[in-house]
Amino acid sequence: MSFPDNTVLQSFPATLNHRNATIFTANRTDSSAQQAIEDLIDARLQLRDRVSAPLKGMENDLFAKSQPLDSLRPKLRVTFGRAKRDGAFDWPVEEVINTLGAQKRGAPVAGLYGFGYRKSALGLIQEFFIFTEMLDGHLNGLTWLKRERNIQNLIHVSFNLLHALHSKDIVHMDFWANNVMIDPQQPTRAKAIDLENCFLTPTDHLTEVLAFQFGFYYRREIFRFVIEHDYDRLVFEELGKYDGIDRRRFDEIYALSKHENISRRARREIFHKGTVVTG
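Per this note's numbering, the very first residue in the sequence shown carries number -1; after that it's consecutive.
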């Protein structure tokens, strides 16, 4: 397999081979990690669903994702390092590139431990694996909210995390409460996860991107816990942290993003062109 950036594989020089799978890690795996990864590969031989869960046998250390590639086109793209027509790579490749890039910048994200793939008899990648740090003790935003019952605190923690990402030129386009991981002992030090729908460059359309991000955060479950007017007030206060925001344009896209579905492909249009397509 190849990446558009050859430093990705250089950052993970250690390899683990098991059956028809190859796993790349930054350092040589210890015996418990190796056994847990091999057990996952063995279990996946008979399964075709997507997995996103702690790595069995290492619940306190690693989180594993496994994604089968079900059709020929993604198998070819991932195997040969090709992008889709819109310039994006398939989600596992995007997540590896973005997570590693964010990690290198010291951004508040779950660190990337390794990744790999399982090949078919024809030599095409048919399943992709990603391993990240477990963030032991952390809770996702909605779980933390059930425990603390303080929606304003959750919103403040999330908005601070979003600003920290922007300060590192990381634009997370799937930013919602469950992608905010909070340490109850240090709730102000949250981390972001699931960076497959993310950009590692600043946008020329910050107004439109922020309008989408704040609107999307409200639409994904938060609207159930806060009065819209109160949420708007918190958003407008938060905008003071950002320079050059066009409030007329912001208000237009923000209102759409709070109440309309915006697909992942359409989010790329917001980042690249500042235009919004709903539906």
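Glycine included, C-beta positions come from ideal geometry on N, C-alpha and C.
Among the options, nearest to residue i - alpha-carbon criterion
i	options	result
residue 93	137, 128 and 213	128
residue 234	192, 245 and 8	245
residue 261	221, 208, 195 and 222	195
residue 108	193, 12, 154 and 141	193
residue 182	106, 102, 143 and 112	143
residue 167	112, 70 and 105	105
residue 264	61, 172, 177 and 119	172
residue 190	237, 130, 239 and 217	130
The beta strand (DSSP E) enclosing residue i, as first and last residue numbers
i	result
residue 131	123 to 131
residue 76	No beta strand (DSSP E) contains residue 76, which is instead part of the alpha helix (DSSP H) from 70 to 78.
residue 102	It is not in any beta strand (DSSP E) - residue 102 instead sits in the alpha helix (DSSP H) that spans 89 to 102.
residue 60	60 to 66
residue 178	178 to 181
residue 20	19 to 23
Inter-residue spacing [alpha-carbon to alpha-carbon] between residue i and residue j
i	j	result
residue 243	residue 205	5 Å
residue 184	residue 135	11 Å
residue 280	residue 251	The requested residue 280 does not occur in the structure, where the chain is confined to residues -1 to 277.
residue 117	residue 132	26 Å
residue 180	residue 156	9 Å
residue 42	residue 35	11 Å
residue 50	residue 174	17 Å
residue 8	residue 98	12 Å
residue 140	residue 210	20 Å
residue 231	residue 255	16 Å
residue 283	residue 4	One cannot answer for residue 283 here, as it falls past the ends of the chain, which runs -1 to 277.
residue 13	residue 22	5 Å
residue 65	residue 74	15 Å
residue 154	residue 20	41 Å
residue 76	residue 33	26 Å
residue 273	residue 214	15 Å
Where residue i falls: helix, strand or coil (DSSP)
i	result
residue 50	strand
residue 112	strand
residue 138	strand
residue 262	helix
residue 11	coil
residue 189	strand
residue 168	coil
residue 3	coil
residue 269	helix
residue 82	coil
residue 274	coil
residue 197	strand
Limits of the alpha helix (DSSP H) - the one that residue i falls within
i	result
residue 31	29 to 42
Notebook entry, point to check: Could you give the uninterrupted runs of the alpha helix (DSSP H) lying entirely in the region 199 to 252, keeping only those of 4 residues or more?
Noted result: 204 to 217 and 226 to 236
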